[in-house]
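One structure is given below, encoded as structure tokens.
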Amino acid sequence: MPKSVYEAELAPGQSIPLHTHPYPEFFYVLDGSLDFERIGSDSLKEWIRCHEGESVNVPLNAPHGCTNRSDRPARFLSTSTYYHEAIFNEVGVLVSLEDEISPLSSDAVQRFETVAAKHQGFFVDAIDSGRLLDG
Numbered sequence: 071m072p073k074s075v076y077e078a079e080l081a082p083g084q085s086i087p088l089h090t091h092p093y094p095e096f097f098y099v100l101d102g103s104l105d106f107e108r109i110g111s112d113s114l115k116e117w118i119r120c121h122e123g124e125s126v127n128v129p130l131n132a133p134h135g136c137t138n139r140s141d142r143p144a145r146f147l148s149t150s151t152y153y154h155e156a157i158f159n160e161v162g163v164l165v166s167l168e169d170e171i172s173p174l175s176s177d178a179v180q181r182f183e184t185v186a187a188k189h190q191g192f193f194v195d196a197i198d199s200g201r202l203l204d205g
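Residue numbers 71 to 205, in the numbering used here, belong to the letters of the sequence shown in order.
Below is the structure:
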């Protein structure tokens, strides 16, 4: 199965919501720190803090997401399958580093969720309780 590798940046306070898909994903923090969330074996939300040079491997079907809780941007590499890349190819918009990016409209969020589902990606409802694990 074809693989995809991409580099991404999350600004302070920015998140990737808790989601799941039937293919594995790997994250490697290039700069800064990120808090990765997962659902533990006790069905509670867990947070794993990863700093520059640390990584997280997400098995297939495992609910996961991440948040930049620091005061500076965090960059990371991610690898997954073509299906993951296909979501971004279909809904993504190329921008330059100088472009100002505005928040997504509710229509854009709905479109992203629809396209993600088409490629086997699904968002998970938030779970209120949790704990932080320093990775």
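Cβ coordinates follow ideal geometry from the N, Cα and C atoms, glycine included.
Tell me whether residue i counts as near the ligand COA, meaning its Cβ is closer than 6 angstroms to at least one heavy atom of that ligand.
| i | result |
| --- | --- |
| G135 | Absence of the ligand COA from the depicted structure is noted, as is the absence of any ligand whatsoever, leaving it without description. |
Identify which residue in the options has its Cα closest to the Cα of residue i.
| i | options | result |
| --- | --- | --- |
| S40 | H121, S175, V126 | In this structure the chain extends from 71 to 205, so residue 40 is not present and cannot be described. |
| S74 | Q84, P82, A81, E95 | E95 |
| G123 | E170, D112, F146, R139 | F146 |
| Y153 | A186, S176, R181, G110 | A186 |
| G100 | Y76, D169, L114 | In the sequence as presented, Gly is not what sits at residue 100; that position holds Leu. Taking only the C-alpha atoms, the option nearest L100 is Y76. |
| A178 | E160, F106, V194, L80 | E160 |
| A156 | R119, F97, T184 | T184 |
| H121 | S175, V194, F97, I109 | F97 |
Pick helix, strand or coil for residue i, following the three-state DSSP scheme.
| i | result |
| --- | --- |
| H121 | strand |
| R145 | strand |
| E170 | coil |
| D198 | The predicted model places D198 with a pLDDT of 42, which falls under 50 and marks its position as unreliable, so this point remains unresolved. |
| Y93 | coil |
| D105 | strand |
| N138 | coil |
| N159 | helix |
| A132 | coil |
| S111 | coil |
| L203 | Because L203 sits at a pLDDT of 47, beneath the cut-off of 50, its placement in the model cannot be relied upon, and the following sentence gives the value as read from the coordinates. Note: L203 maps to strand in three-state DSSP. |
| A178 | helix |
| A81 | coil |
Which whole-angstrom value describes the C-beta separation of residue i and residue j, a residue pair presumed to lie in contact below a C-beta threshold of 8 angstroms?
| i | j | result |
| --- | --- | --- |
| A144 | L104 | 5 angstroms |
| Q190 | P129 | Going by Cβ atoms, the distance from Q190 to P129 rounds to 15 angstroms, so no, they are not a contact pair. |
| S150 | P82 | That pair is no contact at about 25 angstroms. |
Examine the Cβ distances between the region 127-143 and the region 75-88 and report whether three or more of them are shorter than 8 angstroms.
-> yes
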